[in-house]
Amino acid sequence: MALVNIHFLNLQDNYLFADIAKKVNAFKVTHPQSDVISLGIGDVSQPLCPAVVKAMHKAVDELATSDTFHGYGPEQGYPFLREAILKNDYLARGIHLDIDEIFINDGAKSDTGNFQEILHWDNFIGVTDPIYPVYIDSNVMIGRCGTFADGKWSNVVYMPCTAENDFVPEIPKGRHVDVIYLCYPNNPTGTVVSRQELRKWVNYALKNDALILYDAAYEAYIQDPAIPHSIYEIRGARRCAIEFRSYSKTAGFTGVRCGYTIVPHEVTLATFEGERIPVHQLWNRRQCTKFNGASYISQRAAEAIYTPEGKQQVQATISYYMQNAHKMLTVLKSLGYECYGGENAPYIWMRTPGGTGSWTFFEELLYGANVVCTPGVGFGPSGEGYVRFTAFGSHETTDEALRRIANWKNQQ
Ligand SMILES: *Cc1c(COP(=O)(O)O)cnc(C)c1O
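Heads up: the sequence shown runs through residues 511 to 922, numbered per my numbering.
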């Protein structure tokens, strides 16, 4: 008898974006003349930049003739891309890495989801709340999270991030945490972590023999020079932290698929006998067994981001989205809404007025202004009473959405 992995049955089946789509569809059926603008889901709207497109065409041409054809590449990624990452994303910021500490992948979702595989099943995990759902769900699938009640898993430590604590998570007291997921700039709140705060986490991990899984998918959006782009800017992080990066939001690669993970040689995990096993060795073994590399075309595309034209073009698109974010912050605040994020990240986290529930506000906005946002509670219990807006739309749709929200608000 083939038995099911029962942990999958514990997953909460109401997937946030499916629920949103259902509600939006219900609205469209009853209001066929209205057109709805979505500032909800976190996908980009602007096309790939010309430098990337050129590199992809060239890569396809190479695959078309036997002289320049590429079959399987290295599981860890091609040296040309790993060298470009090392030079531009790390050495340029004074961070030294070995080239073999860089693992190219097909996007950060895969690795942030897969990394828990190399951890013992009863490690205690800690997450900031609200949170990108992948971290928890991937741990649920392997049976690490306990039971679900009142919006929380019994074996997960939730560290609330709300306006009341300036979105700065507190170091867990009482309960020891073995594995900590941090995401900065944060999805969904759009807030960032200061060097000082990040140092607190690194020190906690070193002192308590914990592992930090640091998701820096939005680092390219940081505008303030004082904000760290990498956890390795903090002394000691090479001994306790893994870093995930993605080209999805940086360069519009959500459909191309490429990212990378940094696994420093010094990070180790313990056995019950007290032996220390290098995470690098475990992760390399895992990747060689289960992953055959990101496509040659994607990796050539990613390499092009680091050319002078590529850098300039990618920066122009990031500025384009950040102009949206700035406009959204300005308009929403002028309407009297309490807003956070949006300065170093493409997300605005807005408190719903008068303590309205996230889903109630979502529906009011949908029916009143025909604009879609994401209910904050979908990202965790501390997201209740907030909604998320993304700056990934075009200027035109963003402006129109803001006009509708202003009209709706002014009619109330
Ligand atoms: C979008 C996003 C990613 C990137 O996922 P990809 O698989 O690289 O497209 C990773 N982490 C967070 C928090 C994200 O929002």
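Ideal placement from N, C-alpha and C gives every residue a C-beta, glycine not left out.
Review point. How about W859 and Y896: are their beta carbons less than 8 Å apart?
Key: yes
Check your understanding: Is S805 near ligand 1, with its Cβ less than 7 Å from a heavy atom?
Key -> no
Exercise for review: Compute the Euclidean distance between the alpha carbons of A720 and W631, then round it to the nearest angstrom.
Suggested key: 15 Å
Check your understanding: Taking 7 Å as the cut-off, does the CB of A879 come closer than this to any heavy atom belonging to ligand 1?
Key -> no
Check your understanding: From what residue to what residue does the beta strand (DSSP E) around I858 run?
Key -> 857–861
Practice item. Pick out whichever of E848, D608, T908, R603 has its Cα sitting closest to the Cα of P774. Key: D608
Practice item. Could you tell me whether any non-hydrogen atom of ligand 1 is closer than 7 Å to the CB of T622? Key: yes
Exercise for review: Tell me V897's beta-bridge partners as DSSP assigns them.
Suggested key: M860, P885
Point to revise | Contact set for D734: own chain, Cβ-Cβ below 6 Å, skip 5 residues either direction | key: N854
Exercise for review: Using alpha carbons as the reference points, say which of Q833, R796, P695 lies closest to F902.
Suggested key: Q833
Review point. DSSP on D719, reduced to helix/strand/coil?
Key: coil
Exercise for review: State the Cα-Cα distance for the pair F763 and L558, rounded to the nearest angstrom.
Suggested key: 7 Å
Exercise for review: In the DSSP assignment, find the unbroken beta strand (DSSP E) run with W667 in it and report its ends.
Suggested key: At residue 667 the sequence reads Val, which differs from the Trp that was named. Where V667 is concerned, the enclosing beta strand (DSSP E) stretches over 666–670.
Review point. How would you write the range of the alpha helix (DSSP H) that R795 sits in, first residue to last?
Key: 789–800
Practice item. Taking 8 Å as the cut-off, decide whether the C-beta atoms of N649 and Q626 are in contact. Key: yes
Practice item. Jot down the residue ranges of each uninterrupted beta strand (DSSP E) in the segment 714–775, minimum 3 residues, whole runs only, in chain order. Key: 721–725, 751–756, 769–772
Practice item. List the whole-angstrom C-beta distance separating G623 from V644, where the pair is believed to meet the contact cut-off of C-beta under 8 Å. Key: 5 Å
Check your understanding: What does a CB cutoff of less than 6 Å around E819 pick up in its chain, not counting 5 residues either side in sequence?
Key -> A561
Review point. Taking the alpha-carbon positions, what's the V667 to V789 distance?
Key: 23 Å
Review point. Apart from the five residues just before and just after V570, which ones in its own chain have a Cβ nearer than 7 Å to its Cβ?
Key: I807
Review point. Any idea what DSSP makes of R786, helix, strand or coil?
Key: strand
**Study point:** Nearest candidate by alpha-carbon position, reference I605, set I551, I516, R745
**Key:** R745
Review point. Can the beta-carbon of A804 be found less than 8 Å from the beta-carbon of G587?
Key: yes
Review point. Taking the alpha-carbon positions, what's the W869 to K564 distance?
Key: 44 Å
Practice item. Please state whether DSSP places K821 in a helix, a strand or coil. Key: helix
Point to revise | CA-to-CA distance, M511 to N675, given in whole angstroms | key: 51 Å
Review point. Is DSSP giving D639 helix, strand or coil here?
Key: strand
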